[in-house]
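Inspection log for the structure reproduced underneath, given as structure tokens.
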Amino acid sequence: MKSPALIALSLVACFSSALAARADTSVHADNGGAIDVSVGTSDASTLASAAVPPVETSAAVPTDAAIPTASTPNRSPALSFDPPVASAIAAVPKASPPPTISSRAPSTSTQADLFTGGSDSLVARTVGHAEGTRTADGSKTRAYYGHSDPGNGVWNVGSFSYQHGAKSPEEADEKQLQRLQRQADVIRQKADSHRLSLSLEEELNAIDLANQAPLAALDTPGYVEWLKKARDRGLTGSEAVLWARTQSYWNPRLNRWEAPGLGNTEGNISHDQNRRLTAIARALDLYQQQALARRKEDEPQDKVADKPPQEKVADQIIFRDLSQPKPGEIAQAK
């Protein structure tokens, strides 16, 4: 028979073993909510998210103007109006290196300048002329007051052929200007992230493309990425803009064109984009001419003061014709 001391030691040993086994099980079952970074169970993205704190994105960028990511589902830019809500908005750096030199002088206007004036703003007049709702000089056409969309038959109103509910063309312009201004901000952020300095022509065409097919302008790859490739290929000016606008309708994930309203052919798409590009250039030229004429009218006119009577008499004496009079003039004087 074992002694009480041996029995006590045996009980203590058994109890200690049970506690150790329970402690070991709890360590593997509960990680406190932390990300599991065990080797062989986590991918590179998980490791990166664990090591790098999340980057805050600007709250000013609305969901309808978010920059789509590469995981964006299949798109149809010719029929869609709003870009899809991205699962994760691409972080845009607040400060970027100096932009590359553009083939044309970069736009010195602020975004507010482009939208100043509402229905008479530069954006409304250039995009409206491309839409056929405004003439080149800014006048309103019959289509401005309402027309049926040739693609889907929906009733359009306003400069931008707005078709999402508006009581008047003016209200339609106000709504679409707000939307385009947000989308223009996204385009500028994307351009900054690619170190691109957009010219006025490039920016107006980006806004027009966003009005025509938001995904073509804002998707990734979209207008900005294609414009960068155009410059890398040596294209400049209007040629670069036309190539970028056309390629924006190409879906590299599906390896096909996506412009049902234009027949999904490169020729038709390029022809339409060239038509819109030309219309924008014409409206921009007249807008700038009118702005210059208004500035000249507002400038004070320099007026020469009338000379006092004494100076007038002096001028008559100094500048009097002292040449010999002709014989007939002498006889007439006598």
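Residues -20 to -1, 1 to 314, numbered by mature numbering (1 follows the signal peptide of the UniProt record, and there is no 0), are exactly what the sequence shown covers, in order. Note that beta-carbon positions come from the ideal geometry of N, C-alpha and C, so glycine has one too. Keep in mind the model is a prediction, meaning the values are calculated, not measured.
Endpoints, the alpha helix (DSSP H) within which residue i is located
i	result
Y203	203 to 212
Q161	149 to 173
H109	102 to 111
A251	As written in the sequence, residue 251 is His, which differs from the Ala given in the question. From DSSP, the alpha helix (DSSP H) with H251 extends over 246 to 278.
P194	194 to 198
C-beta contact flag for residue i and residue j at 9 Å
i	j	result
Y267	L102	yes
S228	A196	yes
L178	A190	no
E154	G243	no
A263	E181	no
A271	A116	no
S141	E111	yes
W223	A210	yes
V107	D199	no
L207	A220	yes
P232	P201	yes
Opposing strand residues paired with residue i [DSSP bridges]
i	result
W230	W237
residue 315	Outside the shown range of the chain, which is -20 to 314, sits residue 315, and nothing can be said about it.
N136	H127
R114	K120
Of the residues the options, the one placed nearest residue i, counting alpha carbons only
i	options	result
T226	S148, P149, H251, E277	H251
residue 332	R162, L176, W230	No information on residue 332 is available, as it lies outside the stretch -20 to 314 that the chain covers here.
L160	I249, R213, F95	F95
G131	Q269, G241, P149	G241
S119	S218, S148, D265, R105	R105
S148	A164, D278, H127, R162	H127
I167	E205, P280, Q143, Q158	E205
D93	Q269, A164, R213, T245	A164
Beta carbon proximity, residue i to chain C, threshold 9 Å
i	result
L234	This model lacks chain C altogether, as it is built from one protein chain only.
Does the region 136 to 148 touch the region 109 to 124, meaning 3 or more C-beta pairs lie closer than 8 Å? yes
The region 251 to 268 in contact with the region 165 to 172 per 3-pair CB rule at 8 Å: no
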